[in-house]
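Residue 1 is where the sequence shown starts when you use UniProt numbering, and the numbers rise one by one after that. Have a look at the structure below, then the notes.
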Amino acid sequence: MKELKHLNKYFYKYRTHLIIGSIITVVARLFLLYTPRYVKKIFVAIERYFDETITKDVFKAEIAEAIMYIIGAALIAAILTFFMRQTIINVSRYIEYDLKNEIYAQYQKLSLNFYKKNRTGDLMNRITEDVSRVRMYAGPALMYSINTIALFVVVIIYMINASPKLTLYTIVPLPILSVIIYKLSKEIHKRSTIVQEYLSKLSTFTQESFSGISVIKAYGIEPQTSVNFKVLAAESKAKHINLTKVQAWFFPMMILLIGTSNLLVIYIGGLQYINGEIESIGTIAEFIIYVNMLTWPVATVGWVTSIVQQAEASQKRINEFLKISPEVKNSTEAHSEITGDIEFKNVSFTYDDTNIQALKNISFTINEGETLAVLGKTGSGKSTVLDLVGRLYDIDKGSIIINDTEISQLNLTDLRNSIGYVPQDAFLFSDSIKNNIKFGKEDATDEEVFEAAKNAQVHKNIIKFNKGYDTVLGERGITLSGGQKQRVSIARAIIKSPKILLFDDCLSAVDTETEEKILNNLNKITKGKTSIIVSHRVSSVKNANKIIVLDDGKIVQQGNHDSLINDEGYYKDLYLKQLSEKPKRNL
């Protein structure tokens with residue numbers, strides 16, 4: 001139960017609902033107890049009638065009164081039970097809602113390293129399947145626990161008042177039941193944890209298969225993928241069966257022990273009646289009803305225990321992520337004004353997941369309104385520079401200064417709101433093209449959306465679609481070509497008119513003519529804004545105020561276009577190579 005303590009704050013939050021639900025539960029159980037008491041009175045009336053101690057009219061009156069009380073009490077108990085379920089079960093839905101929001105908020109806070117180490121399918125399983133199991137603990141398990149405790153306390157009191165000796169024999173099987181439940185619950189907890197792990201593996205495998213379906217089809221590996229899925233599904237099925245085998249012991253054991261209690265009531269009660277220790281056979285009938293009233297609550301003890309064990313296993317998996325502290329934290333709530341002056345001072349950075357040092361002691365300065373271009377071979381650290389400006393990671397050594405303030409001391413929300421970022425792998429959501437562009441500025445007008453699309457040279461493509469800007473994209477923007485996705489991503493970045501624009505090789509999938517048009521538009525848009533452009537094309541960076549060339553995480557060249565094409569090195573070689581390739585492209 002240690003892991004489930006995390007839910008105590010939610011139980012406290014909804015304590016009023018739970019208290020009301022508990023009171024209703026106790027009152028409902030009290031009304032249920034009218035049935036065995038008046039059944040006893042019916043038996044007593046029958047005995048008195050056959051002993052001719054009461055008249056027929058009195059007998060009918062007593063029977064009618066007893067039946068009316070039984071029906072009335074049952075109706076009231078049923079109504080109260082309805083409100084009990086509405087009160088307590090609703091709390092479980094509130095907790096489910098709050099817990100999902102808490103997990104999602106935590107996912108949003110966690111750094112990129114977390115997502116590199118954990119799979120999407122597992123993240124999804126914890127916020128769906130695991131939370132659903134926890135909800136069963138916060139709702140049905142809690143409700144039946146309150147119901148069982150209330151019924152047990154009230155029924156046992158009534159039984160003792162009726163016949164202490166018979167009560168003692170009736171409850172003899174209960175300690176045995178407790179031991180069995182304890183033993184089985186430990187095994188259920190262990191097997192539930194394994195089942196949840198396999199559900200995560202299945203979720204991860206299917207999510208990756210659906211996301212990469214084009215690759216699977218292109219390589220013709222559908223049969224092998226199906227085999228792999230069947231193997232994983234078979235393993236998951238085996239783990240579920242192992243869990244079910246243990247859970248299957250609960251109900252038979254409950255029925256056996258309840259049946260034993262009934263036999264003891266009939267046998268011991270019969271002997272007591274014969275010996276005159278109890279005055280009426282109605283007492284035996286009353287006790288049988290009491291025992292059977294306890295049948296379902298006792299049976300639910302096993303079910304509730306199973307739910308609790310599964311919920312604890314799921315909550316443990318949830319807590320593992322909730323306890324992770326974000327690597328990148330917002331150090332201040334004070335508002336930070338971002339203008340665009342950026343300085344890297346002896347910055348070094350190493351990726352935790354691969355232990356690769358991406359940047360090694362690099363330094364440069366960009367003044368507000370200037371454009372910096374970053375070139376270099378694949379893996380030289382170009383994209384890392386952009387990630388560090390957006391503070392997606394914290395650096396190992398050195399310092400990054402923005403507006404004369406260390407980047408870690410800036411308000412993180414203000415910093416990122418001041419940045420328009422176009423990633424190398426343009427990610428678009430399964431939504432309309434218009435909403436994907438408005439993602440950069442939610443309150444943007446249609447005119448602003450159209451203008452951004454025109455500047456990104458994608459407007460003409462969009463209006464050719466049947467539904468134009470209302471065209472809904474497939475997952476990750478699969479409806480569009482690579483170049484169209486990049487241009488929509490550019491439109492999304494520029495529509496917010498940020499102080500800092502970051503372009504990560506975002507024109508690699510467009511032709512040179514379209515590239516030239518986009519660059520001309522960007523030159524107008526980026527006036528007065530600080531821009532950093534990562535590219536493999538000299539044509540994309542030649543107009544930049546400053547150009548740096550990275551190699552193995554170090555700056556090996558820096559200057560402007562005119563100075564660098566006159567120096568021997570990577571930039572000049574790349575320029576001459578791409579210059580010689582131009583005629584071939586035009587063929």
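Backbone N, C-alpha and C fix where the C-beta goes; we use that ideal spot for every residue, glycine too.
Specify the secondary structure class of S348 as computed by DSSP and reduced to three states.
Locating residue 348 in the sequence shown gives position 348, where the first residue counts as 1. Here S348 sits in strand by DSSP.
Going by alpha carbons, who is nearest to N417 out of S497, R487 and K460?
The residue given as residue 417 occupies position 417 in the sequence shown. Comparing Cα-Cα distances from N417 to each of S497, R487 and K460, the minimum goes to S497.
Return the first residue and the last residue of the alpha helix (DSSP H) that M522 is part of.
As a working note, residue 522 is residue 522 in the sequence shown. In the sequence on display, residue 522 carries Leu and not Met. Segment T512 to I525, the alpha helix (DSSP H) holding L522.
Go through the region 525 to 575 residue by residue and report every complete run of the beta strand (DSSP E) that reaches 3 residues or more, in order.
For secondary structure counted as the beta strand (DSSP E) over 3 or more consecutive residues, the region 525 to 575 holds these complete runs in sequence order: 530 to 534, 546 to 551 and 554 to 559.
So, A64 versus F31, is the Cβ gap smaller than 7 Å?
Locating residue 64 in the sequence shown gives position 64, where the first residue counts as 1. Locating residue 31 in the sequence shown gives position 31, where the first residue counts as 1. The Cβ atoms of A64 and F31 do not sit closer than 7 Å to each other.
Quick one, are the C-beta atoms of V328 and A150 less than 7 Å apart?
For this step, residue 328 is matched to residue 328 along the sequence shown. For this step, residue 150 is matched to residue 150 along the sequence shown. Annotated as distal: V328 and A150, with beta-carbon spacing of 7 Å or more.
Identity of the residues DSSP links to A373 by a beta bridge
Start at 1 with the first residue of the sequence shown, and residue 373 comes out as number 373. In the DSSP secondary-structure assignment, A373 is bridged to I533 and I547.
How big is the Cα-Cα spacing for Q86 and A28?
Here residue 86 is taken as the residue at index 86 of the sequence shown, counted from 1. Here residue 28 is taken as the residue at index 28 of the sequence shown, counted from 1. Answer to the nearest angstrom: the Cα atoms are 14 Å apart.
Neighbourhood of R585 by C-beta distance below 7 Å, restricted to the same chain and skipping five residues each side
Numbered from its first residue, the sequence shown carries residue 585 at position 585. With a pLDDT of only 41 at R585, under 50, the local geometry of the prediction cannot be trusted, and the value read off the model is given with reservation. Its chain contains T512 as the residues whose beta carbon lies nearer than 7 Å to that of R585, once the 5 sequence neighbours on both sides are disregarded; these appear in chain order.
Buried versus exposed call for L587 [16 or more other C-beta atoms within 10 Å across all chains shown]:
The residue given as residue 587 occupies position 587 in the sequence shown. Any reading at L587 must be qualified, since the residue scores a pLDDT of 32, below 50, and its modelled position is unreliable; no value is offered.
Inter-stretch contact (C-beta, 8 Å, three-pair minimum) for the region 306 to 316 and the region 78 to 96:
Touching, no, given that fewer than three Cβ pairs across the two stretches are closer than 8 Å.
What are the boundary residues of the beta strand (DSSP E) that S399 is part of?
Residue 399 sits at position 399 when you count from the first residue of the sequence shown. Run containing S399: K397 to I402, per the beta strand (DSSP E) assignment.
Please report the straight-line C-alpha distance between K527 and Y137, rounded to a whole angstrom.
In the sequence shown, residue 527 corresponds to position 527, counting from 1. In the sequence shown, residue 137 corresponds to position 137, counting from 1. Cα to Cα, K527 sits roughly 58 Å from Y137.
From the DSSP output, read off the bridge partner residues of D504.
Taking the first residue of the sequence shown as position 1, residue 504 is located at position 504. V534, per the DSSP bridge assignment.
Look up A358 in the DSSP assignment and say whether it is helix, strand or coil.
For the purposes of this step, residue 358 is identified with residue 358 of the sequence shown, where counting begins at 1. The DSSP-derived three-state label of A358 is strand.
Assuming contact is defined by CB atoms lying nearer than 7 Å, are G376 and V549 in contact in what I supplied?
The residue you call residue 376 lines up with position 376 of the sequence shown. The residue you call residue 549 lines up with position 549 of the sequence shown. Cβ atoms of G376 and V549: closer than 7 Å.
Between I103 and I366, which are expected to be in contact by the criterion C-beta below 8 Å, what is the C-beta distance as a whole number of angstroms?
The residue given as residue 103 occupies position 103 in the sequence shown. The residue given as residue 366 occupies position 366 in the sequence shown. With 8 Å as the limit, I103 and I366 do not qualify as a contact, their Cβ atoms being about 38 Å apart.
Where does S145 sit, in a helix, a strand or coil, going by DSSP?
As a first step, residue 145 must be located in the sequence shown, where it is residue number 145. S145 falls in the helix class under three-state DSSP.
Is I525 near V422, with beta carbons less than 7 Å apart?
Along the sequence shown, read from residue 1 onward, the residue named residue 525 stands at position 525. Along the sequence shown, read from residue 1 onward, the residue named residue 422 stands at position 422. No, they are not a contact pair.
Inter-stretch contact (C-beta, 8 Å, three-pair minimum) for the region 389 to 407 and the region 557 to 572
These segments do not touch.
Per DSSP, what kind of secondary structure is V58 in: helix, strand or coil?
On the sequence shown, position 58 is the one that residue 58 refers to. V58 falls in the helix class under three-state DSSP.
Which one of K382, Q108 and V291 has the shortest CA to CA distance from T167?
Counting from 1 along the sequence shown, the entry for residue 167 is found at position 167. Comparing Cα-Cα distances from T167 to each of K382, Q108 and V291, the minimum goes to V291.
In whole angstroms, what separates the C-alpha of Y49 from that of F83?
Sequence index remark: in the sequence shown, residue 49 carries index 49 (1-based). Sequence index remark: in the sequence shown, residue 83 carries index 83 (1-based). Between Y49 and F83, the C-alpha separation is close to 41 Å.
Local conformation of V153 per DSSP, three classes:
Stepping through the sequence shown from its first residue, residue 153 is reached at position 153. In the structure shown, V153 sits in a helix (DSSP, three-state: H, G or I).
Using a Cβ-Cβ cutoff of less than 6 Å, which residues in the same chain neighbour V134 once the five nearest sequence positions on both sides are dropped?
In the sequence shown, residue 134 corresponds to position 134, counting from 1. Correct list, in chain order: A311, S314 and Q315.
Mapping DSSP to helix, strand and coil, what is Y421?
Taking the sequence shown and counting its residues from 1, one reaches residue 421 at position 421. Per DSSP, reduced to three states, the secondary structure at Y421 is strand.
Does the region 458 to 468 come close enough to the region 398 to 406 to have 3 or more Cβ pairs within less than 8 Å?
Contact fails: fewer than three Cβ-Cβ distances are below 8 Å.
State buried or exposed for E515, treating a residue as buried only when at least 16 other CB atoms are found within 10 Å of its CB.
Taking the first residue of the sequence shown as 1, we reach residue 515 at position 515. When all chains shown are included, E515 counts as buried.
Take the Cβ of Q309 as the centre, count every other Cβ of all protein chains shown within 10 Å, and call the residue buried at 16 or more, exposed below.
Numbered from its first residue, the sequence shown carries residue 309 at position 309. Buried, since its Cβ has 16 or more Cβ neighbours within 10 Å.
Determine, using beta carbons only, whether L232 and F205 come nearer to each other than 7 Å.
As a working mapping, residue 232 is identified with position 232 in the sequence shown. As a working mapping, residue 205 is identified with position 205 in the sequence shown. Yes. Within cutoff.
Cβ pair G282, V58 closer than 7 Å:
Within the sequence shown, residue 282 is the residue found at index 282, counting from 1. Within the sequence shown, residue 58 is the residue found at index 58, counting from 1. Between G282 and V58, the C-beta spacing is not below 7 Å.
In this structure, does DSSP put F429 in helix, strand or coil?
The count along the sequence shown starts at 1 and reaches residue 429 at position 429. Looking at F429 - three-state DSSP - the assignment turns out to be coil, as it is neither helix nor strand.
Where are the alpha helix (DSSP H) runs, 4 residues long or more, that stay fully inside the region 267 to 327, in chain order?
The qualifying runs are 282 to 293 and 295 to 322.
Take the Cβ of Q108 as the centre, count every other Cβ of all protein chains shown within 10 Å, and call the residue buried at 16 or more, exposed below.
On the sequence shown, position 108 is the one that residue 108 refers to. With fewer than 16 other beta carbons inside 10 angstroms of its own, Q108 counts as exposed.
Report all residues from its chain with a CB closer than 7 Å to the CB of Q247; omit the five preceding and five following residues, and keep chain order.
In the sequence shown, residue 247 corresponds to position 247, counting from 1. Scanning its chain for C-beta atoms nearer than 7 Å, with the 5 sequence neighbours on each side dropped, one finds around Q247 the residues I188 and S306, in chain order.
Terminal residues of the alpha helix (DSSP H) in which I46 lies:
Your numbering for residue 46 matches position 46 in the sequence shown. From DSSP, the alpha helix (DSSP H) with I46 extends over Y34 to F50.
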